[in-house]
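Engineer: A single structure is presented below for examination.
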Amino acid sequence: MSIHTNLPIPDSATYVGNTLRIKSVKKEDRGTYYCVEFAPVITVPRPRLGQALQYDMDLECHIEAYPPPAIVWTKDDIQLANNQHYSISHFATADEYTDSTLRVITVEKRQYGDYVCKATNRFGEAEARVNLFETIIPVCPPACGQAYIAGAEDVSATSFALVGILAALLFAR
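Residue numbering for the sequence shown follows the numbering used here, starting at 27 and increasing by one per position.
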């Protein structure tokens with residue numbers, strides 16, 4: 027579409043791949059042309075993330091595509107869904123931009139590994155990997171507020187810190 031006339035590309039034009047070819051160019055054809063529909067392109071801000079066992083972790087991918095794509099997350103070639111282990115959210119920041127977040131809830135040993143964010147529209151598809159690996163110390167955010175201990179209610183990180191300080195003071199004497 028020409029920015030000056032807001033008219034479709036000339037009838038004598040063909041679009042193949044990423045090339046617009048106009049035959050018999052005329053003065054009226056001049057102007058700026060925009061590609062308004064395109065296949066997804068994915069960027070991953072943090073391709074490797076570490077988190078301690080029993081803490082949540084957010085994996086992110088940013089997708090640019092128009093029309094908006096279908097977005098799925100997989101692990102070991104299995105499509106993930108919202109459940110007690112995972113929470114998936116998509117946030118459209120503009121017509122062609124979508125941020126997708128996969129929250130791994132209360133990380134278990136089997137959840138470490140590669141995750142794939144895949145976006146598809148009628149012009150194509152793209153995918154990107156995010157690797158989740160084990161750390162000893164919890165990574166904040168999102169793990170700053172709470173930890174899970176089997177058989178107990180949520181315990182705040184502040185409680186752990188206070189117990190540690192009290193123990194240090196008692197054993198220092």
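Idealized CB from N, CA, C, for every residue including glycine.
#1: Touching or not, the segment 41-61 and the segment 137-156, by the rule of three or more beta carbon pairs under 8 Å?
#2: For I104, which option in K144, P164, C61 and T45 has the closest C-alpha, if you only look at C-alpha atoms?
#3: Thinking just about the alpha-carbon of each residue, which of R148, A118, A96 and E86 is nearest to the one in V156?
#4: Given that a residue counts as buried once 16 or more other Cβ atoms are within 10 Å of its Cβ, and exposed if not, what is Y81?
#5: Could you name the residues that DSSP lists as bridge partners for V156?
#6: Nearest-angstrom Cα distance between F186 and T161?
#7: On the three-state DSSP scale, how would you describe D55?
#8: Determine the direct distance from the alpha carbon of Y59 to that of L46, and round the result to whole angstroms.
#9: Any idea if T124 is buried or exposed, counting beta-carbon neighbours within 10 angstroms, 16 or more meaning buried?
#10: Rounded to the nearest angstrom, what separates I131 and L79 at their Cα positions?
#11: Under 8 Å Cβ to Cβ from W99, same chain only, skipping five residues before and after it: list those, please.
#12: In three-state terms, what does DSSP make of R129?
#13: Identify which residue in R72, V70, M83 and C61 has its Cα closest to the Cα of C170.
#14: If you follow the beta strand (DSSP E) that Y112 is in, where does it begin and where does it stop?
#15: Can you give me the start and stop residues for the beta strand (DSSP E) that P66 sits inside?
#16: Identify which residue in P164, L75 and T69 has its Cα closest to the Cα of E90.
#17: Please return the same chain residues whose Cβ sits closer than 7 Å to the Cβ of E122, not counting the five positions on each side in sequence.
Structural biologist: In brief:
#1: The segment 41-61 is not in contact with the segment 137-156.
#2: In the sequence shown, residue 104 corresponds to position 78, counting from 1. Closest in C-alpha terms to I104, from the list K144, P164, C61 and T45, comes K144.
#3: Counted from its first residue, the sequence shown places residue 156 at position 130. Distances from the alpha-carbon of V156 to those of R148, A118, A96 and E86 put E86 closest.
#4: As a working mapping, residue 81 is identified with position 55 in the sequence shown. The residue is buried, with at least 16 neighbouring Cβ atoms inside 10 Å.
#5: Counting from one through the sequence shown, the residue named residue 156 turns up at place 130. Beta-bridge pairing links V156 to Y141.
#6: In the sequence shown, the residue the question calls residue 186 occupies position 160. In the sequence shown, the residue the question calls residue 161 occupies position 135. Bear in mind that a pLDDT of 46 at F186, under 50, signals an unreliable position, so the number given afterwards is only what the model happens to contain. In this structure, the straight-line span from the alpha carbon of F186 to that of T161 is close to 18 Å.
#7: Position 29 of the sequence shown holds residue 55. Note: D55 maps to helix in three-state DSSP.
#8: Within the sequence shown, numbered from 1, the residue matching residue 46 stands at position 20. Within the sequence shown, numbered from 1, the residue matching residue 59 stands at position 33. For L46 and Y59, the distance between alpha carbons rounds to 9 Å.
#9: The residue labelled residue 124 in the question sits at position 98 within the sequence shown. By the 10 Å Cβ count, T124 comes out buried.
#10: The sequence position of residue 131 within the sequence shown is 105, counting from 1. The sequence position of residue 79 within the sequence shown is 53, counting from 1. So the two alpha carbons sit approximately 10 Å from each other.
#11: Against the sequence shown, residue 99 aligns to sequence position 73. Short of 8 Å from the beta carbon of W99, and not among the five residues preceding or following it, lie these beta carbons of its own chain, in chain order: L85, Q105, L106, Y112, I114, S126, L128, Y141, V142, C143 and K144.
#12: The residue given as residue 129 occupies position 103 in the sequence shown. Strand.
#13: The count along the sequence shown starts at 1 and reaches residue 170 at position 144. The closest CA to that of C170, considering only R72, V70, M83 and C61, is found on M83.
#14: Taking the first residue of the sequence shown as position 1, residue 112 is located at position 86. Going by DSSP, Y112 is part of the beta strand (DSSP E) stretching over Y112 to A120.
#15: The count along the sequence shown starts at 1 and reaches residue 66 at position 40. Per DSSP, the continuous beta strand (DSSP E) segment holding P66 begins and ends at F64 to T69.
#16: Translated into the one-based positions of the sequence shown, residue 90 becomes position 64. With distances taken between Cα atoms, E90 lies closest to T69.
#17: For the purposes of this step, residue 122 is taken as the residue at position 96 of the sequence shown. Sequence-distant Cβ neighbours of E122 in its own chain, meaning closer than 7 Å and more than five residues away, are E90, A91 and Y92.
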